[in-house]
Amino acid sequence: MNASRAFVAEDLRLCPDGLPDFVIPAVLERVVAHNRGLQKVITYTRESRGREGVCHECGNITSAPHIGGEYQRFYHAQNTRCQVCDTEVISVTEGNVNERWAIVAGVFSFAQLGGDGTLWIREFEVARDRYAQYTAESLRKQIMECTRYAFRGPNRGKWLYVVRSAYTAEGWKSILEWRKTKFAAHYTTTPWVANIFFAPESAEALAGTVLATANLAPYIGKTHIVDLLSLSMRYTAFEWLIKSGYTKIVKDICKAVNKSEYTEIVNHKAKRKSGVFTVGPEIMSLFPRGEWDVGKLRVACDAVNNAQITEPREVRAVVLLNATEKYIAIIQRNGLSFTVTYDYLVSQGYNDSVVGAFNIYIDYIKECEQLGYDLRDKRISRPRSLVAAHQATAAEVLRQRDKIQQRERAKARRGCAKYVKYLTRFSFEAHGVTARPCASEKEMRAEGAALHHCVGTYFERAARGDTSIFLVRRAGEPERPWYTAEVRNGELIQCRGLQNKSYADEPELSSFLTLWRKHITKQLKKELEENDRRADAGNKTDAA
Numbered sequence: 002m003n004a005s006r007a008f009v010a011e012d013l014r015l016c017p018d019g020l021p022d023f024v025i026p027a028v029l030e031r032v033v034a035h036n037r038g039l040q041k042v043i044t045y046t047r048e049s050r051g052r053e054g055v056c057h058e059c060g061n062i063t064s065a066p067h068i069g070g071e072y073q074r075f076y077h078a079q080n081t082r083c084q085v086c087d088t089e090v091i092s093v094t095e096g097n098v099n100e101r102w103a104i105v106a107g108v109f110s111f112a113q114l115g116g117d118g119t120l121w122i123r124e125f126e127v128a129r130d131r132y133a134q135y136t137a138e139s140l141r142k143q144i145m146e147c148t149r150y151a152f153r154g155p156n157r158g159k160w161l162y163v164v165r166s167a168y169t170a171e172g173w174k175s176i177l178e179w180r181k182t183k184f185a186a187h188y189t190t191t192p193w194v195a196n197i198f199f200a201p202e203s204a205e206a207l208a209g210t211v212l213a214t215a216n217l218a219p220y221i222g223k224t225h226i227v228d229l230l231s232l233s234m235r236y237t238a239f240e241w242l243i244k245s246g247y248t249k250i251v252k253d254i255c256k257a258v259n260k261s262e263y264t265e266i267v268n269h270k271a272k273r274k275s276g277v278f279t280v281g282p283e284i285m286s287l288f289p290r291g292e293w294d295v296g297k298l299r300v301a302c303d304a305v306n307n308a309q310i311t312e313p314r315e316v317r318a319v320v321l322l323n324a325t326e327k328y329i330a331i332i333q334r335n336g337l338s339f340t341v342t343y344d345y346l347v348s349q350g351y352n353d354s355v356v357g358a359f360n361i362y363i364d365y366i367k368e369c370e371q372l373g374y375d376l377r378d379k380r381i382s383r384p385r386s387l388v389a390a391h392q393a394t395a396a397e398v399l400r401q402r403d404k405i406q407q408r409e410r411a412k413a414r415r416g417c418a419k420y421v422k423y424l425t426r427f428s429f430e431a432h433g434v435t436a437r438p439c440a441s442e443k444e445m446r447a448e449g450a451a452l453h454h455c456v457g458t459y460f461e462r463a464a465r466g467d468t469s470i471f472l473v474r475r476a477g478e479p480e481r482p483w484y485t486a487e488v489r490n491g492e493l494i495q496c497r498g499l500q501n502k503s504y505a506d507e508p509e510l511s512s513f514l515t516l517w518r519k520h521i522t523k524q525l526k527k528e529l530e531e532n533d534r535r536a537d538a539g540n541k542t543d544a545a
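Rendered as structure tokens:
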């Protein structure tokens, strides 16, 4: 491959035109076969007014369902059924560019060598066959080239093409009619289509790259081949990861939009093998290379670097349990062993679900802490049945919580009774209307239920003295709920009737509230004067 130099737009002419002989058979074998399992679709045209569409499953023209003798319509992105093959489908407006997933079966890519030895990866969107024929001839109309990537040394160029007409089989155009829209020397992205296929028949073109000696089977169809190739050609460490069989780590990094987020655990820019991982070889030898993924590696790094767990057997247990830093702290502060914990959970029968069981175990440990149990006692830290022990501690925690809440509510009720006694000075009567403080939680809930508003939830706030609730009644019907008022810091905040009705249409109530506000202000002023007199009397006593 040529020496590294930046790409220019004119390099596009170095890419071979036309399709190699293996492409159509490869698309038939891979993309079309995979397409069988995709969402079944009916496409309909606007010209038919949604009355008719083509089923991509059976290939027949079908009408919209008719109910009660009347024909219905297809609507965009709506679930329906084909009236010919009775397949459950989704109806899509033909040519709707926002629903390309309904038309595109996948992205197919292959490698070629250009005129000067530059490596090219060409990508094609493969459409569903309109009549589900999928012959070699029909596929030539269904394949649209969308992207070209060029590789020369560590440099990479990308040319992106978009079709300007509708995304339908008839509307797709040849590459000569497309307009170049974007070019970059280092342009990294992953296509939006999840079904990505790479043709291994093009492996000869990769002979000059690290992928020539790599096992591509774990990556094809699961990793964007362009990301794999780009990273392997730019970074020696990444080349070593591929050759060494760290399959899952490589796939995870390729999928990441921002590759730098992994530098804390995998330094793919390292010049030597010893600098690729931030944990030592004794930790990396805990699992076979193909079993390591980024998630496991992150947990291991947190255990070693943050939690200072240096014993390899403990690190292995931490990884198997998927223990986050928060869970590590809970286990460590109780002097428990991760290895013993893992073995205990396996002995409980959680071989295949040990991570989920560990979450249950952590809940159990936290409950034991709340209850003051001694976790140094093996009978407590490793009970005979984790499920039964967890149920028992959870029930005891709830019982104690209810007990505490009952004490707090009793205290609140006592405080409320004392506060209500104080509020009686603000009671008032005028124009045949009365207002008195709400006397209890029971009365407050009954008021809310009768008038269908939310005052029943105000008890705790009222008991703390944060607000005050008054019952507003007609003088002749003192026990019949009418309006409810809230007073806070001497101000009337709100006064609501049935279903939060305003008092605006009640003239007698409006007049009453005007006078009541004055009464509240007068009582507060009187209270301040009394407090001032007590303060003066206290000062004189202290002086004497």
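Start counting at 1 in the sequence shown, then tack on 1, and there's your number in our numbering.
Each residue gets a CB set at the ideal place from its N, CA and C atoms; glycine is no exception.
Keep in mind the model is a prediction, meaning the values are calculated, not measured.
query, result
"Can you round the beta-carbon distance between Val267 and Val277 to whole angstroms, since I take them to be within the 8 angstroms contact cut?", "6 angstroms"
"Drop a sphere of 10 angstroms on the beta-carbon of Leu372, count the other beta-carbons inside from all chains shown, and report buried for 16 or more, exposed for fewer.", "exposed"
"Shortest alpha-carbon distance to His57 belongs to which of Tyr45, Val316, Lys422 and Gly51?", "Tyr45"
"According to the Cβ coordinates, are His520 and Thr485 closer than 8 angstroms?", "no"
"For Val32 versus Phe111, is the C-beta distance shorter than 8 angstroms?", "no"
"Would you mind giving the Cβ-Cβ distance between Ala436 and Val473, rounded to the nearest angstrom? I have them listed as a contact below 8 angstroms.", "5 angstroms"
"Would Leu321 pass as a contact of Tyr351 if the rule is Cβ separation under 8 angstroms?", "no"
"Thr458: buried (16+ other C-beta within 10 angstroms of its C-beta) or exposed?", "exposed"
"Is the segment 360-375 in contact with the segment 324-338, if contact means three or more CB pairs nearer than 8 angstroms?", "yes"
"Leaving out five residues before and five after Thr340 in sequence, what residues of the same chain have Cβ atoms less than 7 angstroms from its Cβ?", "Arg314, Glu315 and Ala318"
"Quick check on Tyr328: does DSSP put it in helix, strand or coil?", "helix"
"Closest to Lys223 by C-alpha separation, out of Ala204, Cys255 and Met234, would be which residue?", "Cys255"
"Using CA atoms only, rank isn't needed, just tell me which of Thr248, Val55 and Phe199 is closest to Ala215.", "Thr248"
"How about Phe471 and Pro508: do their beta carbons lie closer than 8 angstroms?", "no"
"Taking just the CA atoms, how far does Gly107 sit from Leu229?", "19 angstroms"
"Going by CA-CA distance only, name the one from Glu11, Lys41, Thr237 and Phe460 that's closest to Ala271.", "Thr237"
"Cβ atoms of Ile43 and Thr94: under 8 angstroms apart, would you say?", "no"
"DSSP puts Val108 in a beta bridge; with which residues?", "Glu126 and Ile197"
"Quick one: using the 10 Å Cβ neighbour count with 16 as the cut-off for buried, is Gly498 buried or exposed?", "buried"
"Check each candidate in Gly291, Thr311 and Gly296 and name the one with the smallest Cα separation from Glu283.", "Thr311"
"Quick check on Ala389: buried or exposed, where buried means 16 or more other Cβ atoms within 10 Å of its Cβ?", "exposed"
"If you follow the alpha helix (DSSP H) that Gln495 is in, where does it begin and where does it stop?", "Looking at the DSSP string, Gln495 is not in any alpha helix (DSSP H); the run it does join, the beta strand (DSSP E), is Glu492 to Arg497."
"Alpha carbons only, please: which of Phe23, Glu11, Val85 and Gly357 is nearest the one belonging to Arg141?", "Phe23"
"May I have the straight-line CA-CA distance separating Arg74 from Ser49, to the nearest angstrom?", "10 angstroms"
"Which residues share a DSSP beta bridge with Gln113?", "Trp121"
"In the DSSP assignment, find the unbroken beta strand (DSSP E) run with Thr63 in it and report its ends.", "Ile62 to Ser64"
"What residue ranges within the segment 432-471 form continuous alpha helix (DSSP H) runs of no fewer than 4 residues, ordered along the chain?", "442-452 and 460-465"
"Can you have a look at Gly529 and say buried or exposed, based on whether 16 or more other CB atoms are within 10 angstroms of its CB?", "Just to set this straight, residue 529 is Leu in the shown sequence, not Gly. Exposed."
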